[in-house]
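Undergrad:
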């Protein structure tokens, strides 16, 4: 009985998130609202508010539900190749609908709404940073990473240039761009001695 | 006569930009409007629209008018020290009102409004990138920078980690953070041979 109720709850959560993405893609983030999602999903808006406090939180969970596992790091034993594969997957996601434009709008919203910013960090950025640090720590232990490299900076240094291109210059993120960034970061700016 | 008219025009432009910053600081970006600036400055709104097509363009010019020269690179002959000094100045600006919160809101707006994004890039990012590349080119010619370092990536690599902290984690930008990032970028992630 409880199992069945839990499963029904999970199905409903899933259905609401799918509706959020579909509707978000159709009408855009700024016109998306919890009321509109409720109407389209055929549920009461309190059903949604019970699970998510805001439109931003609902959208974030919806985006992540589809793709979280895609952003895991492989571990083939070659850290440069594994970073490359993971970042290629990340930009493929950022470069196409529904994830790309809705994620961009969400980050825009995070500049005004501290709750959205906090949710973005807790639900997405911090877990990604943990995965990144874990993968790099293994690499450092295997001598594939400078022992001086400050792992606390890993997320900012590796993803900063991607966010710069995604949010500021707003030029397309390409695999070639990622490869050039990674080469530059591994090599460093200092001339060889 | 024309000189006098030009000077009056420049004074008016200046007064409107000062009013924009003061009002923006008081009421925040989302409540700022060209109408509100016009009322406070005691000019007609068409006087403002003649110079700036949108609130974003007006705010951007207003922010830059105060600080553009602050973001020039020194050239003491030591590129690491000069980058450090320039980036410290940049984050001091980003970390305090009125520039910080208004610039953050403007970048937020750039996620929805392609005109704001274009103005941000043309008026601020591209000129800063040019200055950065020029300073690094001198350094490379003097053997202070890896000859392999791709100058086209300089802006993304150097400022990406700052924007990541400013827009995503939204933790305070400190001089210490900048210094650690610069050290990591100069050293590179690869272990010494």
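Protein chains in written order, with our numbering: chain A, 1 to 193; chain B, 194 to 386.
A virtual CB, placed ideally from N, CA and C, is assigned to each residue, including glycine.
Predicted model only: the values in this text are computed from it and were never measured.
#1: Measure the CB-CB distance between residue 90 (chain A) and residue 71 (chain A) and report whether it falls below 8 Å.
#2: Under the assumption that residue 299 (chain B) contacts residue 249 (chain B) (Cβ atoms under 8 Å), give the Cβ distance between them as a whole number of angstroms.
#3: Is residue 179 (chain A) helix, strand or coil by DSSP?
#4: In whole angstroms, what is the alpha-carbon distance linking residue 222 (chain B) and residue 297 (chain B)?
#5: Which word fits residue 48 (chain A), buried or exposed, when buried means at least 16 other C-beta atoms lie within 10 angstroms of its C-beta?
#6: If the cut-off is 7 Å on Cβ atoms, which residues from the region 102-114 of chain A count as contacting chain B, listed in chain order?
#7: What is the rounded straight-line gap between the Cα of residue 213 (chain B) and the Cα of residue 224 (chain B)?
#8: Could you tell me if residue 160 (chain A) is buried or exposed, where buried requires 16 or more neighbouring beta carbons within 10 angstroms of its beta carbon?
#9: Any beta carbon from chain B within less than 8 Å of residue 39 (chain A)'s own beta carbon?
#10: Closest to residue 323 (chain B) by CA distance: which of B:227, B:210, B:348 is it?
#11: Could you name the residues of the same chain whose beta carbon sits closer than 6 Å to that of residue 378 (chain B), not counting the 5 residues immediately before and after it, in chain order?
#12: Would you mind telling me which residues of chain A sit closer than 7 Å to residue 291 (chain B), beta carbon to beta carbon, in chain order?
#13: Exposed or buried, which one is residue 8 (chain A) when buried takes at least 16 other CB atoms within 10 Å?
#14: State the DSSP-derived secondary structure class of residue 174 (chain A), mapped to helix, strand or coil.
#15: Verify the CB distance criterion: does residue 208 (chain B) have a CB-CB separation below 8 Å to chain A?
#16: So if I threshold CB-CB distances at 8 Å, which residues from the region 123-134 of chain A count as touching chain B?
#17: According to DSSP, is residue 338 (chain B) part of a helix, a strand, or is it coil?
#18: Using only alpha-carbon positions, find the residue among A:52, A:35, A:26, A:33 that is nearest to residue 14 (chain A).
#19: What did DSSP end up calling residue 356 (chain B) once you bin it into helix, strand or coil?
#20: Does any CB atom of chain A fall closer than 8 Å to the CB of residue 287 (chain B)?
#21: So, helix, strand or coil for residue 189 (chain A), using DSSP?
#22: Beta carbon of residue 167 (chain A), beta carbon of residue 360 (chain B): below 8 Å?
#23: Does DSSP classify residue 92 (chain A) as helix, strand or coil?
#24: Relative to the C-alpha of residue 373 (chain B), which candidate in B:209, B:205, B:351, B:287 has its C-alpha closest?
#25: Cβ of residue 276 (chain B) versus every heavy atom of the ligand ATP: is any distance shorter than 7 Å?
#26: Whole angstroms are fine: how far does the CA of residue 381 (chain B) sit from the CA of residue 189 (chain A)?
#27: Answer yes or no: does any C-beta atom of chain B fall closer than 8 Å to that of residue 151 (chain A)?
#28: Name the chain B residues that come within less than 8 Å of residue 190 (chain A), Cβ to Cβ?
#29: Using a C-beta to C-beta distance shorter than 7 Å, which residues of chain A count as neighbours of residue 363 (chain B)?
#30: By the 10 Å Cβ neighbour count, where 16 or more other Cβ atoms means buried, how is residue 321 (chain B) classified, buried or exposed?
#31: Please report whether the beta-carbon of residue 121 (chain A) lies at a distance below 8 Å from any beta-carbon of chain B.
#32: Please state the DSSP three-state secondary structure of residue 82 (chain A).
#33: Please confirm if residue 161 (chain A) has its CB atom under 8 Å from at least one CB of chain B.
#34: Applying the 10 Å Cβ sphere with the 16-neighbour rule, what's the burial state of residue 328 (chain B)?
#35: Which of the three DSSP states is assigned to residue 114 (chain A) in this structure?
#36: Under 8 Å, do residue 33 (chain A) and residue 115 (chain A) count as touching if we go by C-beta distance?
TA: Once the coordinates are examined:
#1: As a first step, residue 90 (chain A) is located in the first chain; it is residue number 90 there, counting from the start. As a first step, residue 71 (chain A) is located in the first chain; it is residue number 71 there, counting from the start. Cβ atoms of residue 90 (chain A) and residue 71 (chain A): closer than 8 Å.
#2: Translated into positions along the second chain, residue 299 (chain B) becomes position 106. Translated into positions along the second chain, residue 249 (chain B) becomes position 56. At roughly 6 Å, the Cβ-Cβ gap stays under 8 Å, so residue 299 (chain B) and residue 249 (chain B) are in contact.
#3: For the purposes of this step, residue 179 (chain A) is taken as the residue at position 179 of the first chain. In this structure, residue 179 (chain A) counts as helix in the three-state DSSP scheme.
#4: Indexing the second chain from 1 puts residue 222 (chain B) at position 29. Indexing the second chain from 1 puts residue 297 (chain B) at position 104. Looking at the two C-alpha atoms, the distance is approximately 9 Å.
#5: To locate residue 48 (chain A), count along the first chain from 1; it is residue 48. Buried.
#6: 104, 105, 107, 108, 111, 112
#7: As a first step, residue 213 (chain B) is located in the second chain; it is residue number 20 there, counting from the start. As a first step, residue 224 (chain B) is located in the second chain; it is residue number 31 there, counting from the start. Approximately 12 Å, taken between the alpha carbons.
#8: Numbered from its first residue, the first chain carries residue 160 (chain A) at position 160. Flag for residue 160 (chain A) reads buried.
#9: For the purposes of this step, residue 39 (chain A) is taken as residue 39 along the first chain, with counting starting at 1. For residue 39 (chain A), the answer is no, since every Cβ of chain B falls outside 8 Å of its Cβ.
#10: The sequence position of residue 323 (chain B) within the second chain is 130, counting from 1. The shortest Cα separation from residue 323 (chain B) among B:227, B:210, B:348 belongs to B:348.
#11: One-based indexing of the second chain puts residue 378 (chain B) at position 185. Taken in chain order, the list of residues that qualify is empty.
#12: By one-based count along the second chain, residue 291 (chain B) stands at place 98. Per Cβ cutoff of 7 Å: no residues; residue 291 (chain B) is ~15 Å from chain A at best.
#13: In the first chain, residue 8 (chain A) corresponds to position 8, counting from 1. Residue 8 (chain A) should be labelled exposed.
#14: Along the first chain, read from residue 1 onward, the residue named residue 174 (chain A) stands at position 174. Here residue 174 (chain A) sits in coil by DSSP.
#15: As a working mapping, residue 208 (chain B) is identified with position 15 in the second chain. Answer no: the Cβ-Cβ gap between residue 208 (chain B) and chain A never drops below 8 Å.
#16: 125
#17: Counting from one through the second chain, the residue named residue 338 (chain B) turns up at place 145. Three-state DSSP puts residue 338 (chain B) in coil, outside helix and strand.
#18: In the first chain, the residue the question calls residue 14 (chain A) occupies position 14. Of the candidates A:52, A:35, A:26, A:33, the one whose C-alpha sits nearest the C-alpha of residue 14 (chain A) is A:52.
#19: For the purposes of this step, residue 356 (chain B) is taken as residue 163 along the second chain, with counting starting at 1. Note: residue 356 (chain B) maps to helix in three-state DSSP.
#20: Taking the second chain and counting its residues from 1, the one referred to as residue 287 (chain B) is at position 94. Closer than 8 Å: no.
#21: In the first chain, residue 189 (chain A) corresponds to position 189, counting from 1. Three-state DSSP puts residue 189 (chain A) in coil, outside helix and strand.
#22: Numbered from 1 along the first chain, position 167 holds the residue referred to as residue 167 (chain A). Numbered from 1 along the second chain, position 167 holds the residue referred to as residue 360 (chain B). Yes, Cβ-Cβ distance for residue 167 (chain A) and residue 360 (chain B) is below 8 Å.
#23: If you number the first chain from 1, residue 92 (chain A) lands on position 92. It is helical.
#24: Within the second chain, residue 373 (chain B) is the residue found at index 180, counting from 1. Nearest C-alpha to residue 373 (chain B): B:351.
#25: With respect to small molecules bound, the structure shown includes none, and the ligand ATP cannot be examined in it.
#26: Within the first chain, residue 189 (chain A) is the residue found at index 189, counting from 1. Within the second chain, residue 381 (chain B) is the residue found at index 188, counting from 1. Using only the alpha carbons, I get a separation of about 7 Å.
#27: Against the first chain, residue 151 (chain A) aligns to sequence position 151. No - not a single Cβ of chain B is within 8 Å of the one on residue 151 (chain A).
#28: Here the question's residue 190 (chain A) lines up with position 190 in the first chain. Ordered by position in chain B, the residues that pass the 8 Å Cβ test against residue 190 (chain A) are 338, 339, 379, 380, 381.
#29: For the purposes of this step, residue 363 (chain B) is identified with residue 170 of the second chain, where counting begins at 1. Under the 7 Å cutoff, chain A gives 117.
#30: One-based indexing of the second chain puts residue 321 (chain B) at position 128. Residue 321 (chain B) is buried by the Cβ-count criterion.
#31: The residue given as residue 121 (chain A) occupies position 121 in the first chain. Closer than 8 Å to some Cβ of chain B, the Cβ of residue 121 (chain A) qualifies, so yes.
#32: Counting from 1 along the first chain, the entry for residue 82 (chain A) is found at position 82. If DSSP states are grouped into helix, strand and coil, residue 82 (chain A) belongs with the helices.
#33: Along the first chain, one-based indexing puts residue 161 (chain A) at 161. Yes, residue 161 (chain A) counts as interfacial toward chain B.
#34: Position 135 of the second chain holds residue 328 (chain B). Looking at its Cβ environment, which holds 16 or more other Cβ atoms inside 10 Å, residue 328 (chain B) is buried.
#35: The residue labelled residue 114 (chain A) in the question sits at position 114 within the first chain. In the structure shown, residue 114 (chain A) sits in a helix (DSSP, three-state: H, G or I).
#36: Working through the first chain from its first residue, we reach residue 33 (chain A) at position 33. Working through the first chain from its first residue, we reach residue 115 (chain A) at position 115. Cβ atoms of residue 33 (chain A) and residue 115 (chain A): not closer than 8 Å.
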